[in-house]
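> Have a look at this one before I ask anything.
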Amino acid sequence: MGLVYFKAGKYKRAIDSLSKAVRLKGDEAKYHCLLGYSLYGEGYANGDEKLIRRALKELQLSVEIDKDIPNKEKEYHYYMANILYELEDYEKALKEVNEALKFDNSPLVHKLKGDILFQLKKYNEAIEEYRTNLNDDKNLYAIAYTYFTIGKYEQALE
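Add 686 to a position in the sequence shown, counting from 1, and you land on the number used in our numbering.
Now the structure itself:
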């Protein structure tokens, strides 16, 4: 049930179901991992840093239980990168997003990498990541904002 609630974007219900699963079978790494994803989803949606910190702890616990979980769960690195980004640990987030790209070369992951690179003031690299999907208005805005940030106003207008 927790997985279905998570996939449906009903993070509070997913957290409730997965918390029960963890209480019943706390040695199941996958439950902790999915609970971490759900905590991140709810924390991000509501700007709740406590939930995002809890998400980090759950993902870390999942790896303590099963060291191979980052290889079994293809979304693990993506969520870890998002969590670290939200907690402003950009160097670690960059390492995680690079791992995520090995599993998922989607525009969404490239956008996250661009955002991380922007925060690290690696503006040219950020622009390259944003350019991977010029059909997305968010990427176009990110490119323009990056050019604006570095004082290239003509390019920002383009």
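Cβ coordinates follow ideal geometry from the N, Cα and C atoms, glycine included. All figures in this text were calculated on a predicted structure; none of them were measured in a lab.
(1) Could you spell out the range, first to last residue, of the alpha helix (DSSP H) harbouring residue 777?
(2) Under a three-way DSSP split, which group does residue 806 fall into?
(3) Looking at residue 790 and residue 816, is the spacing between their C-beta atoms short of 9 Å?
(4) Do the region 690-700 and the region 709-717 make contact, defined as three or more Cβ pairs closer than 8 Å?
(5) Which runs of the alpha helix (DSSP H) spanning at least 4 residues fall entirely within the region 703-789, listed in chain order?
(6) Which whole-angstrom value is the C-beta distance of residue 755 and residue 748, which I expect to be below 8 Å?
(7) Please report how far the alpha carbon of residue 830 lies from the alpha carbon of residue 841, in whole angstroms.
(8) Taking 8 Å as the threshold, find out whether the region 727-737 comes into contact with the region 780-800 through three or more Cβ pairs.
(9) Nearest to residue 758 by alpha carbon, out of 717, 834, 691 and 693?
(10) Can you tell me whether residue 777 is buried or exposed? The criterion is at least 16 other CB atoms within 10 Å of its CB, across all chains shown.
(11) Which one of 693, 732, 741 and 694 has the shortest CA to CA distance from residue 705?
(12) Indicate whether residue 723 and residue 692 have their beta-carbon atoms separated by less than 9 Å.
(13) Once you ignore the five residues that flank residue 727 on each side, which residues in its own chain have a CB closer than 6 Å to its CB?
Let's see:
(1) As a first step, residue 777 must be located in the sequence shown, where it is residue number 91. Its alpha helix (DSSP H) spans residues 776-789.
(2) Locating residue 806 in the sequence shown gives position 120, where the first residue counts as 1. It is coil, neither helix nor strand.
(3) Position 130 of the sequence shown, counted from the first residue, corresponds to residue 816. Position 104 of the sequence shown, counted from the first residue, corresponds to residue 790. Not a contact, by the Cβ cut-off of 9 Å.
(4) The region 690-700, when compared against the region 709-717, does not touch it at the 8 Å Cβ threshold.
(5) 715-732, 735-751, 755-758, 762-772 and 776-789
(6) As a first step, residue 755 must be located in the sequence shown, where it is residue number 69. As a first step, residue 748 must be located in the sequence shown, where it is residue number 62. Sure, about 5 Å apart at Cβ, within 8 Å.
(7) In the sequence shown, the residue the question calls residue 830 occupies position 144. In the sequence shown, the residue the question calls residue 841 occupies position 155. Taking the straight line joining both Cα atoms gives about 7 Å.
(8) Judged by Cβ distances under 8 Å, the region 727-737 makes no contact with the region 780-800, as fewer than three pairs qualify.
(9) The count along the sequence shown starts at 1 and reaches residue 758 at position 72. When each option's Cα is compared against that of residue 758, the closest is 717.
(10) Against the sequence shown, residue 777 aligns to sequence position 91. Residue 777 is exposed by the Cβ-count criterion.
(11) For the purposes of this step, residue 705 is taken as the residue at position 19 of the sequence shown. When each option's Cα is compared against that of residue 705, the closest is 741.
(12) Stepping through the sequence shown from its first residue, residue 723 is reached at position 37. Stepping through the sequence shown from its first residue, residue 692 is reached at position 6. In this structure, residue 692 lies closer than 9 Å to residue 723 by Cβ.
(13) The residue you call residue 727 lines up with position 41 of the sequence shown. The beta carbon of residue 727 sits closer than 6 Å to the beta carbons of 697 from its chain, once the five residues preceding and following it are set aside; these are given in chain order.
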